[in-house]
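Participant:
Number of protein chains: 2
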Amino acid sequence: MHATRQVAPSMGACQTCGLRHRAVCAALNDTELDDLQRISHRKSFEAGTTVALEGEPMDYFANILNGVVKMTKTLADGRQQIVGLLFPTDFLGRAFVTEAPYRAEAATDLELCAFPHSSFEQLLHKYPQLEHRLLESTLSELDTAREWMLLLGRKTAEEKVASFLHLLTKRADLSAPCNANQDGPLRFPLPLTRTDMADYLGLTIETVSRQITRLKKQGVISLVDSRTIEVAALEDLEDISGG
Amino acid sequence: MHATRQVAPSMGACQTCGLRHRAVCAALNDTELDDLQRISHRKSFEAGTTVALEGEPMDYFANILNGVVKMTKTLADGRQQIVGLLFPTDFLGRAFVTEAPYRAEAATDLELCAFPHSSFEQLLHKYPQLEHRLLESTLSELDTAREWMLLLGRKTAEEKVASFLHLLTKRADLSAPCNANQDGPLRFPLPLTRTDMADYLGLTIETVSRQITRLKKQGVISLVDSRTIEVAALEDLEDISGG
DNA sequence: CGACATGTTGAACCTCATCAACCGACGTGG
DNA sequence: CCACGTCGGTTGATGAGGTTCAACATGTCG
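Just so you know, the protein sequences line up as chains A and B, in that order.
Count along the first sequence starting at 1, add 470, and that's the number in my numbering.
Count along the second sequence starting at 1, add 470, and that's the number in my numbering.
The following block contains the structure:
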């Protein structure tokens with residue numbers, strides 16, 4: 471299940487990394503960054519593979535370099551809920567506990583920059599500015615979680631789907647960097663299957679599918695193929711999402 | 471609306487405070503604590519009054535001494551969702567941004583130990599261990615938020631209400647300290663109205679009411695009065711809550 | 001090719017929202 | 001003092017939004 475490859479980073483890789491000033495590493499200066507680089511290693515996962523299991527020890531933290539991670543929780547009878555998505559530059563892992571509070575899965579093919587659990591926590595202790603950065607990112611993760619609680623508790627199916635698509639337009643540049651800054655209607659691949667979308671929005675796949683065709687008929691979006699979306703009317707999408 | 475009273479704490483109040491080792495202050499030793507005490511002041515709010523408005527600057531942080539705070543988000547058309555509750559020892563406020571991301575209201579009569587926004591952030595900078603503690607508490611807040619996302623997205627009305635009551639049994643000692651360690655069935659006051667419960671669970675008041683009478687008929691709980699609950703079968707409640 | 005996974009569409013059903021009536025407690029003012 | 005309105009809560013009848021079950025389409029892989 472763990473379809474992982476490990477690659478040692480070349481010297482100075484952190485300095486030239488595209489995430490240098492966008493991920494948690496931004497908290498450290500170039501010399502401090504060496505400490506982080508020394509414990510870092512690349513990891514890859516294929517879409518659909520499991521990165522960490524709920525309730526089991528997770529032995530590393532990671533920056534998302536590429537791809538999308540879904541964090542899911544499950545009830546005893548199998549009902550699932552995705553409780554968060556991680557995009558490039560986001561930080562994966564739960565500090566200060568050994569057992570993951572949720573399952574982490576690669577929603578798409580995935581590249582991580584990983585740090586062993588205990589080594590990273592030592593660095594957190596050594597560099598308060600790193601811990602500060604982690605606090606900042608945790609706080610904004612909490613903000614988005616609460617935004618999503620509003621969606622799950624109070625929005626209609628149509629609003630939910632529109633909200634999700636709208637969220638993607640804001641992060642499309644990150645999840646599919648090849649497509650940024652283009653003219654014309656915004657086009658991007660959906661990082662999630664219908665099943666995943668349903669689990670993220672608290673709906674069933676059928677309802678998700680129906681709402682997508684509904685948005686299509688309204689001319690707000692169109693589908694290049696079932697996994698590639700084109701947003702024709704971003705304004706309308708925003709209105710419908712009701713946020 | 472802001473029914474607030476301010477009281478200067480007496481010298482050494484922090485050392486003898488019941489929250490000394492349970493709230494964020496636990497991160498500081500007695501001498502460091504003086505720095506915190508110097509900027510702290512008591513605040514009181516009556517049930518139903520507003521502590522902070524969504525999108526408006528919140529000029530202080532606070533420990534909850536007594537009572538329950540609800541954090542709510544609202545859609546344009548008035549639909550509301552409670553995105554979190556704060557009980558005694560919990561920390562109120564969003565560090566590193568000036569504007570509150572949600573509205574904070576006193577669900578019950580409320581006592582706070584408040585710290586001016588900028589002074590407290592200076593202390594966070596001065597004492598990394600304080601920031602560490604705040605990170606720990608933010609992370610566990612995020613854990614509970616995600617637990618709630620599972621509830622909002624995937625649980626039935628009955629499971630939702632049972633989950634909420636079960637949550638209260640776990641925090642009843644905090645919200646109603648007078649009632650801890652007693653024999654017999656666990657009895658405690660509901661800190662929320664039916665409307666608030668509905669907004670917390672993503673339901674309507676009618677559904678909440680019906681599910682409560684349902685649990686009553688099953689013999690899992692009984693109502694002393696509409697705002698005082700007695701849990702007859704904690705095991706059953708846990709089973710029904712499905713978590 | 002058949003088997004399987006992913007997605008769409010239709011029909012029937014059900015949970016929960018909506019609308020409405022009612023109750024008791026409380027406060028207020030004639 | 002009682003009539004009145006208000007607020008929080010309960011209960012009933014009705015209906016809609018989403019789920020469930022089912023069939024079908026499409027694409028992929030052995």
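Ideal Cβ placement from N, Cα and C applies to all residues, glycine included.
From a predicted model like this one, the values you see are computed outputs, not experimental measurements.
Relative to chain B, which residues along the region 609 to 631 of chain A have a C-beta separation below 8 angstroms, given in chain order?
Facilitator: Per Cβ criterion, the list reads Leu-609, Glu-611, Leu-612, Asp-613, Ala-615, Arg-616, Glu-617, Trp-618, Met-619, Leu-620, Leu-622, Gly-623, Arg-624, Lys-625.
Participant: Can a CB atom of chain B be found closer than 8 angstroms to the CB of A:His-602?
Facilitator: yes
Participant: Hey, could you find the ends of the alpha helix (DSSP H) A:Tyr-572 is sitting in?
Facilitator: A:Tyr-572 -> no alpha helix (DSSP H), and no H or E assigned at all.
Participant: Of the residues B:Leu-506, B:Gly-713, B:Leu-620, which one's Cα is nearest the Cα of B:Phe-714?
Facilitator: Outside the modelled stretch of chain B, which goes from 471 to 713, sits residue 714 of chain B, for which no answer is possible.
Participant: Roughly how many whole angstroms lie between the Cα atoms of B:Asp-669 and B:Val-553?
Facilitator: 9 angstroms
Participant: Applying the 10 Å Cβ sphere with the 16-neighbour rule, what's the burial state of A:Asn-499?
Facilitator: exposed
Participant: Over the uninterrupted beta strand (DSSP E) stretch that includes A:Glu-543, give me the two end residues.
Facilitator: Sequence check: residue 543 of chain A is Lys here, not Glu. Start and end: 539 to 544.
Participant: Note the first and the last residue of the continuous beta strand (DSSP E) segment covering B:Leu-456.
Facilitator: In the structure as shown, chain B begins at 471 and stops at 713. Residue 456 of chain B is therefore absent and cannot be evaluated.
Participant: Please check if any C-beta of chain B sits within less than 8 angstroms of the C-beta of A:Arg-573.
Facilitator: no
Participant: Mapping DSSP to helix, strand and coil, what is B:Lys-625?
Facilitator: coil
Participant: Looking at the unbroken alpha helix (DSSP H) that takes in B:Tyr-670, where does it start and where does it end?
Facilitator: 664 to 671
Participant: What is the DSSP secondary structure of B:Thr-683, counted as helix, strand or coil?
Facilitator: helix
Participant: Could you check how far apart the C-beta atoms of B:Ser-692 and B:Ala-702 are, in whole angstroms? I think they sit under 8 angstroms.
Facilitator: Right, their Cβ atoms sit about 6 angstroms apart.
Participant: Using a beta-carbon distance cut-off of less than 9 angstroms, what residues from the region 543 to 557 of chain A approach chain B?
Facilitator: Lys-543, Thr-544, Leu-545, Ala-546, Asp-547, Arg-549, Gln-550, Gln-551, Ile-552, Val-553, Gly-554
Participant: Which partner residues of A:His-595 appear in the DSSP bridge assignment?
Facilitator: DSSP output for A:His-595 lists no bridge partner at all.
Participant: Is the Cβ of A:Leu-605 closer than 8 angstroms to any Cβ of chain B?
Facilitator: Closer than 8 angstroms to some Cβ of chain B, the Cβ of A:Leu-605 qualifies, so yes.
Participant: So with Cβ pairs under 8 angstroms, would you call B:Ala-650 a contact of chain A?
Facilitator: For B:Ala-650, the predicted model reports a pLDDT of 48, less than 50, meaning its position is unreliable; a value from the coordinates is still stated below. With its beta carbon at least 8 angstroms from every one in chain A, B:Ala-650 lies outside the interface.
Participant: Would you check if there are 3 or more beta carbon pairs closer than 8 angstroms linking the region 663 to 680 of chain A to the region 583 to 597 of chain A?
Facilitator: no
Participant: According to DSSP, which residues form a beta bridge with B:Phe-515?
Facilitator: Answer by DSSP bridge pairing, in chain order: B:Leu-580.
Participant: The beta strand (DSSP E) spanning A:Ala-532 covers which residue range?
Facilitator: 530 to 536
Participant: What is the rounded straight-line gap between the Cα of B:Met-619 and the Cα of A:Thr-614?
Facilitator: 12 angstroms
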